[in-house]
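The letter at position 175 of the sequence shown is residue 246 when you use the numbering used here, and the numbering goes up by one with no holes.
Below: one structure, written as structure tokens.
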Amino acid sequence: MIAYEEIIFVALLTLLASLIGTLAGFGISTIMVPVLLTVLPLPQTLLFVGIIHWFNDIWKMLLFRKGIRWKLFLAFGLPGIFTSFIGSSLSLRISQEILSRALGVFLLVYVLFITFNRTFKLSQRLSVAVSGGALTGFFAGIFGIGGEINAVALSAFNLEKAIYIATAGAISFMIDSTRIATYIGGGIRLNPAILSGFFCLHTHVFNRGNDRKKGS
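Next up, the structure:
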């Protein structure tokens, strides 16, 4: 059974991560996956964060729907669908212990990379979009974390903030839809109490976001 304290903890974490992720264009999974592993098994963590990310993708697309760059969306998203399926399928077959250690190594490498390569930037090439989408999909599927890779690759195209958020949201929507379906198809399920708490919170936050947009 899930304690009410854990539901409240997950709800507050969801709110904080969603706000940061919407403003930055990424970061929800990076914040939530390591923290949620303290209260949920890895498979349930991947599914739950995937669902949160999926709804946040929809929010981004609705709020900034006129800013999607469709060519980049397809260049990133199509390979991302394929590799997301591969990554999420592997996450169902690899033991939790091995996968958790691999996730720790991945996070450590990522932190070291951004610490010592703050000026790193890719060129505006189709190969960058395709490879960025492929890597994003794979790591999102297997570890639940891929937005940072997507952000590095997408930032190479010097998009305006609204266009960047909308395009990143559309790309993530394709990738997250694939991995969520794969997780559920593989038998991963969530506690209904956690899901109900999340849906109530997300509906409230989404409505507040729409009200602010209409009033602006």
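Every residue, glycine too, gets a C-beta built ideally from N, C-alpha and C.
query                                                                                                   : result
Endpoints, alpha helix (DSSP H) assigned at V201                                                        : 197-214
Close Cβ partners of L193 (< 7 Å) along its chain, the five nearest in sequence each way excluded       : V199, V223, A224, A227
Burial state of I120 (16 or more Cβ within 10 Å)                                                        : Residue identity differs from the one stated: residue 120 is Val in this sequence, not Ile. Buried, by the Cβ-count rule.
Secondary structure, alpha helix (DSSP H): runs of 4+ residues fully inside the region 113-138          : 113-134
Contact check, S155 vs G212, beta carbons under 8 Å                                                     : yes
Short Cβ contact (8 Å threshold) for T85 with G151                                                      : no
Where L84 sits in the DSSP three-state scheme                                                           : helix
Buried versus exposed call for L170 [16 or more other C-beta atoms within 10 Å across all chains shown] : buried
Nearest candidate by alpha-carbon position, reference V201, set G240, I102, T109, L143                  : L143
Closest by C-alpha distance to L197, when choosing among L111, G148, F209, L133                         : G148
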